[in-house]
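Before any comments, here is the structure.
There are 2 protein chains.
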Amino acid sequence: MDTTSIVNALDGAGYRLTGPRRALATLIARRTGHFTATELVDEAHAKRLRVGRATVFRTLEVLEALGAVERLDLPSGDHAYVVCRRAHHHHVVCSRCGRTSEIDDGGLRFLVSEIARRTGYRVDDHRLELFGLCPACMATLPGPTSVSA
Amino acid sequence: MDTTSIVNALDGAGYRLTGPRRALATLIARRTGHFTATELVDEAHAKRLRVGRATVFRTLEVLEALGAVERLDLPSGDHAYVVCRRAHHHHVVCSRCGRTSEIDDGGLRFLVSEIARRTGYRVDDHRLELFGLCPACMATLPGPTSVSA
DNA sequence: GTTTTTGCAAACCATTTGCAGGGTC
DNA sequence: GACCCTGCAAATGGTTTGCAAAAAC
Numbered sequence: 720m721d722t723t724s725i726v727n728a729l730d731g732a733g734y735r736l737t738g739p740r741r742a743l744a745t746l747i748a749r750r751t752g753h754f755t756a757t758e759l760v761d762e763a764h765a766k767r768l769r770v771g772r773a774t775v776f777r778t779l780e781v782l783e784a785l786g787a788v789e790r791l792d793l794p795s796g797d798h799a800y801v802v803c804r805r806a807h808h809h810h811v812v813c814s815r816c817g818r819t820s821e822i823d824d825g826g827l828r829f830l831v832s833e834i835a836r837r838t839g840y841r842v843d844d845h846r847l848e849l850f851g852l853c854p855a856c857m858a859t860l861p862g863p864t865s866v867s868a
Numbered sequence: 720m721d722t723t724s725i726v727n728a729l730d731g732a733g734y735r736l737t738g739p740r741r742a743l744a745t746l747i748a749r750r751t752g753h754f755t756a757t758e759l760v761d762e763a764h765a766k767r768l769r770v771g772r773a774t775v776f777r778t779l780e781v782l783e784a785l786g787a788v789e790r791l792d793l794p795s796g797d798h799a800y801v802v803c804r805r806a807h808h809h810h811v812v813c814s815r816c817g818r819t820s821e822i823d824d825g826g827l828r829f830l831v832s833e834i835a836r837r838t839g840y841r842v843d844d845h846r847l848e849l850f851g852l853c854p855a856c857m858a859t860l861p862g863p864t865s866v867s868a
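In structure tokens, the structure reads:
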């Protein structure tokens, strides 16, 4: 995901292209793993960018609504964000380096409708989050070489 | 879930059976839907129970570790809890009345291993949360009678 | 020129913590 | 009696808000 895509998303939705928003688009586009609003605030501050705390939260809110970013709830209870391409999907999150990979709905769609049928609920929304170790982090890890699921 | 089961869980794990913990066990056992720590604090206060704010949080933490309760992350970002029976499972949450139903792992287990295979991650943990309308709430709803998933 | 955005700082609010007193085993 | 728990109240830390100035269209 590059800066331009995020900026275009804002522009296309009728939001004004301001300095702070462009700056944030760049910071976010550079991210590889998940990040928190506070991390973004600190990074902007460290780089002497003119971006206030409130603006970071407000921009993330807009970007989430536009589907350019998605909010994750980490097992720790923290709220983190990840950049994303499509509107709805799910992620595998590496609990060591924070890297995320998108996963497609595949069998999940069927699973959800099956659950709706069994419980009698009308299911409007669902969230699936997976946590573990990405291939790169596994490689740097000591111990047994065998891999379990 | 009744008060006794929760108390037994605490006792069995070596925790002391104190007044506040018994009181909380009762409040929690009576809950049908999801609830927040703050709601519990307020309810205890309203009923003049001798239970401090900190104790509510500390007790919920213990109960979660024991698997008597599970924490949900609602789409709103709020943290809520639900009583539960087995150690690991997932929930469908009614976004209108808050009622929850447990759902079994069923096809999910396969789905998770499939995702691990495709992404190369070692998946250690996963969370699936479904949101929608429970049968009772659907029945009280105006509008078209047809149901969609 | 009108409308949106921003930054700041204060307000908010859920959650955590330190610690002295009280309860449980 | 030793150790675990509790309440309180203060500290914490993420997130939101009010508002006047600044920027975008």
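Residue numbers (my numbering), protein chains in the order written: chain Y, 720 to 868; chain X, 720 to 868.
Think of the CB as a built atom: it goes at the ideal place given N, C-alpha and C, for glycine as much as any other residue.
Since the structure is predicted, the reported quantities are computational estimates derived from the model, not experimental observations.
ask   = What's the gap between the Cα of histidine 808 of chain X and the Cα of serine 820 of chain Y?
value = 23 Å
message = In whole angstroms, give me the CA-to-CA distance for proline 861 of chain X and glycine 851 of chain X.
response = Proline 861 of chain X and glycine 851 of chain X have their C-alpha atoms spaced approximately 16 Å apart.
request  = Taking only the alpha-carbon atoms, compute the straight-line gap between arginine 828 of chain Y and aspartate 823 of chain X and give it to the nearest angstrom.
outcome  = Their backbone Cα atoms lie some 16 Å apart in a straight line.
CA-to-CA distance, arginine 772 of chain Y to threonine 757 of chain Y, given in whole angstroms = 8 Å
request  = With DSSP collapsed to three states, give me the class of threonine 755 of chain Y.
outcome  = coil
task = Report back the beta-carbon spacing between glutamate 848 of chain Y and valine 802 of chain Y to the nearest angstrom; my notes put them in contact at under 8 Å.
result = No, glutamate 848 of chain Y and valine 802 of chain Y are not in contact; Cβ-Cβ is about 16 Å, not under 8 Å.
inquiry  = Are the CB atoms of arginine 790 of chain Y and cysteine 856 of chain Y within a distance shorter than 9 Å?
reply    = no
ask   = Per DSSP, which one or two residues make a beta bridge with tyrosine 840 of chain X?
value = Bridge partners of tyrosine 840 of chain X: none, in fact.
inquiry  = Any beta carbon from chain X within less than 9 Å of tyrosine 734 of chain Y's own beta carbon?
reply    = no
inquiry  = With a threshold of 9 Å between beta-carbons, can threonine 872 of chain Y be considered close to chain X, or not?
reply    = Given a span of 720 to 868 for chain Y in the structure shown, any question on residue 872 of chain Y remains unanswerable.
ask   = Rounded to whole angstroms, how far is the Cβ of leucine 785 of chain X from the Cβ of alanine 728 of chain X, which I believe are closer than 8 Å?
value = 5 Å
inquiry  = In the DSSP output, what is valine 802 of chain Y paired with across the bridge?
reply    = Y:Val788
request  = Work out the CA separation of alanine 763 of chain X and leucine 743 of chain X for me, nearest whole Å.
outcome  = The alpha-carbon atoms of leucine 743 of chain X and alanine 763 of chain X are separated by roughly 8 Å.
key: Where glutamate 783 of chain Y falls: helix, strand or coil (DSSP)   = helix
message = Out of Y:Lys766, Y:His810, Y:Arg741, which one is the CA nearest neighbour of aspartate 844 of chain X?
response = Of the listed residues, the one whose Cα sits closest to aspartate 844 of chain X is Y:His810.
task = Would you mind stating whether threonine 751 of chain Y and histidine 798 of chain Y have Cβ atoms separated by less than 9 Å?
result = no
Per DSSP, cross-strand counterpart(s) of phenylalanine 850 of chain X = In DSSP, phenylalanine 850 of chain X forms a bridge with Y:Asp844, X:Val812.
query = How is arginine 777 of chain Y classed by DSSP in three states: helix, strand or coil?
reply = helix
query = Where does threonine 859 of chain Y fall in DSSP's three states?
reply = coil
Residues within the segment 784 to 816 of chain X neighbouring chain Y, beta-carbon criterion of under 8 Å = Arg790, Asp792, Pro794, Gly796, His798, Val811, Cys813, Ser814
task = Quick one: residues in its chain with C-beta nearer than 6 Å to the C-beta of glycine 733 of chain Y, no 5 flanking neighbours on either side, listed in chain order?
result = none
request  = Would you grab the beta carbon distance between valine 760 of chain X and valine 775 of chain X for me? Rounded to a whole angstrom, and I think it's under 8 Å.
outcome  = 5 Å
ask   = Closer than 9 Å, CB to CB, is valine 831 of chain X near chain Y or not?
value = yes
ask   = Quick one: which chain Y residues come within Cβ less than 9 Å of proline 854 of chain X?
value = Thr838, Gly839, Tyr840, Arg841
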